[in-house]
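Each remark here refers to the structure printed beneath this line.
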DNA sequence: CAGTGGTCTAGACCACTGG
DNA sequence: CAGTGGTCTAGACCACTGC
């Protein structure tokens with residue numbers, strides 16, 4: 021299956037001088053793979069397994085396999101893309117490393133989902149100081165506001181849209197074991213979330229990202245946070261039941277779907293008297 | 021080279037009943053590998069490449085290859101451990117993923133080091149709000165204190181030592197482009213750092229972890245942080261040239277050497293007026 | 001038991017670096 | 001150019017899951 025093109029330029033073939041067009045590469049199976057799957061725009065030149073990874077990502081993005089579903093077996097995919105199992109495997113390995121796919125030995129490979137995820141609140145790194153007990157089960161959510169507005173410069177920049185574009189804005193308080201701990205303002209691009217209403221939100225009991233997934237088909241894949249220390253303004257303080265001189269963490273998060281498209285911006289205020297933001301460094 | 025032991029128990033070998041001692045596994049090459057290398061205590065049963073990974077880690081820990089040096093080529097290691105190149109490769113892949121080894125195509129595989137690392141301040145996730153320009157080059161360090169004391173309960177717990185054990189404690193201020201931004205208290209176990217003095221520290225210009233590496237042979241490989249929002253006490257505020265009502269990030273970090281041994285605990289206070297703690301989530 | 005992912009091998013060849 | 005890591009293959013077998 022490999023390397024049919026040995027020396028693509030039969031003329032002009034001394035030992036020197038043609039060091040720039042040597043495309044006698046085994047990895048240039050682009051067309052072969054391309055044709056099999058779709059009219060995609062794969063950049064230019066990359067290892068086969070990277071190309072497979074991109075193709076898988078595109079299928080995911082286009083909804084060929086829904087969150088929670090199994091994707092075809094490695095052997096099937098190898099057949100489909102006309103490569104060896106090992107190559108497919110390496111592509112899947114990377115996607116599993118990015119928490120986009122989940123492997124389950126003896127069962128299959130599944131599209132990650134925020135629903136039924138053993139670790140709910142995947143992006144929430146707040147931990148009680150007493151470590152072990154993960155509170156997250158006992159979370160109580162309270163929606164404070166939910167309205168349509170227009171993107172500020174800051175929100176627009178984060179969401180990759182234009183200032184004054186329509187956005188959905190909501191505010192909520194999370195309490196753990198009865199203690200108000202997190203106050204969040206969340207901005208969503210209007211074009212994708214126009215159907216969202218306070219009622220639908222109130223009816224849903226579960227993580228926000230699971231809601232986005234089931235109600236809007238928007239799957240968050242990764243995120244980026246910027247953390248500062250702040251004093252809350254009077255309104256914020258009241259919602260968190262603290263004074264305006266109690267410092268809080270300000271956690272600004274941008275969350276992304278497939279292909280790195282930003283789909284949510286939020287600012288969270290975390291009360292860190294009895295808990296902390298936990299991070300592992302390598 | 022594989023699977024000499026097909027059915028280790030020649031007697032008692034009907035089709036039933038021996039479902040608990042079936043060690044006819046290809047992965048049980050422990051002894052073979054073991055003998056070749058060292059009198060180690062590999063847990064019990066794991067894939068070959070995991071065993072190789074452990075062996076490599078032990079060699080690193082024992083200083084067989086120093087930070088910055090190249091380790092043997094994949095082919096050499098395959099020969100040494102009597103496995104295929106692919107197996108060694110997978111072990112190295114994981115270590116490279118943990119930032120313990122660095123691969124350089126066409127050159128070799130190297131032991132990661134905090135010296136000459138393109139990314140200095142590997143564990144410092146503070147970024148100026150204006151993103152792109154990484155200040156870190158213009159850092160100015162000022163040692164405020166350096167003394168021997170006895171571990172508090174908190175420090176002892178973090179360092180895995182006993183309360184009142186000897187520890188070295190130092191305090192310093194980091195300024196970026198002239199602005200005092202970080203105040204750090206650092207605790208080090210006395211048994212490993214007893215030779216550390218304020219003078220030696222003052223003479224060294226470079227990242228702290230590089231200093232530990234070259235002066236004490238202590239290589240930090242990973243770390244864990246707990247972040248809270250705090251108000252500084254009067255002394256801290258003065259050192260950072262802020263008021264006691266300016267909130268700061270409290271970043272408590274425990275840093276680990278090979279085999280997860282904690283070797284440093286520090287509390288940093290980060291002034292986040294013009295910068296933020298940046299984190300990527302997957 | 002069949003089917004899936006997980007491990008291992010042996011060998012070929014490519015891409016890159018340095019002398 | 002020789003030597004290193006990087007990619008790809010084909011095939012064997014193991015470990016696990018569910019029916």
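Protein chains in written order, with this note's numbering: chain R, 21 to 302; chain S, 21 to 302.
Here a beta-carbon is modelled for each residue, glycine too, at the ideal position from N, C-alpha and C.
Exposed unless 16 or more other CB atoms sit within 10 angstroms - verdict on residue i
i                     : result
residue 296 (chain R) : buried
residue 237 (chain S) : exposed
residue 95 (chain R)  : exposed
residue 162 (chain S) : exposed
residue 233 (chain R) : buried
residue 111 (chain R) : buried
residue 32 (chain R)  : The pLDDT assigned to residue 32 (chain R) is 33, lower than 50, so where the model puts this residue is not dependable, and the model offers no usable value.
residue 129 (chain S) : buried
residue 202 (chain R) : buried
residue 65 (chain R)  : exposed
6 Å Cβ shell around residue i - same chain, five flanking residues per side excluded
i                     : result
residue 244 (chain S) : 274
Chain R contact for residue i (CB, 9 Å cutoff)
i                     : result
residue 136 (chain S) : no
residue 279 (chain S) : no
residue 174 (chain S) : no
residue 256 (chain S) : no
residue 21 (chain S)  : Confidence is the limiting factor: at residue 21 (chain S) the pLDDT is only 34, short of 50, which leaves the residue's position unreliable, though a coordinate-based value still follows. It does not; no Cβ of chain R falls within 9 Å.
residue 247 (chain S) : yes
residue 290 (chain S) : yes
residue 260 (chain S) : no
residue 241 (chain S) : yes
residue 115 (chain S) : no
residue 233 (chain S) : no
residue 301 (chain S) : yes
Closer than 9 Å to chain S by CB, residue i
i                     : result
residue 265 (chain R) : yes
residue 268 (chain R) : yes
residue 140 (chain R) : no
residue 228 (chain R) : no
residue 147 (chain R) : yes
residue 296 (chain R) : yes
residue 244 (chain R) : yes
residue 205 (chain R) : no
residue 143 (chain R) : yes
residue 273 (chain R) : yes
residue 253 (chain R) : no
residue 77 (chain R)  : no
residue 119 (chain R) : yes
residue 216 (chain R) : no
residue 68 (chain R)  : no
residue 250 (chain R) : yes
Cutoff 8 Å; reference residue i; Cβ partners in own chain excluding five residues on either side
i                     : result
residue 108 (chain S) : 69, 72, 94, 97, 98 and 101
residue 182 (chain R) : 171 and 176
residue 133 (chain R) : 87, 88, 230, 233 and 239
residue 115 (chain R) : 73, 76, 77 and 121
residue 257 (chain S) : 263, 264 and 266
residue 212 (chain R) : 236, 238 and 283
Whether residue i touches residue j by CB criterion (9 Å)
i                     : j                     : result
residue 270 (chain S) : residue 289 (chain S) : yes
residue 284 (chain R) : residue 179 (chain R) : yes
residue 230 (chain S) : residue 190 (chain S) : no
residue 239 (chain R) : residue 272 (chain R) : no
residue 121 (chain R) : residue 91 (chain R)  : yes
residue 302 (chain R) : residue 299 (chain S) : no
residue 174 (chain R) : residue 186 (chain R) : no
residue 215 (chain R) : residue 235 (chain R) : yes
residue 200 (chain S) : residue 144 (chain S) : no
residue 223 (chain S) : residue 287 (chain S) : no
residue 242 (chain S) : residue 276 (chain S) : yes
residue 80 (chain R)  : residue 131 (chain R) : yes
Bridge-paired residues (DSSP) for residue i
i                     : result
residue 211 (chain S) : Partner(s): none; residue 211 (chain S) has no beta bridge.
residue 288 (chain R) : R:204 and R:271
residue 300 (chain R) : S:244
residue 160 (chain R) : R:195
residue 129 (chain S) : S:91 and S:123
residue 276 (chain R) : R:242 and R:282
residue 167 (chain S) : S:189
residue 227 (chain R) : BP columns for residue 227 (chain R) are empty, so no partner.
7 Å CB neighbourhood of residue i in its chain, flanking five on each side removed
i                     : result
residue 251 (chain R) : 264, 265 and 267
residue 294 (chain S) : 148 and 149
residue 227 (chain R) : 134, 140 and 141
residue 210 (chain S) : 168, 185, 186, 187 and 188
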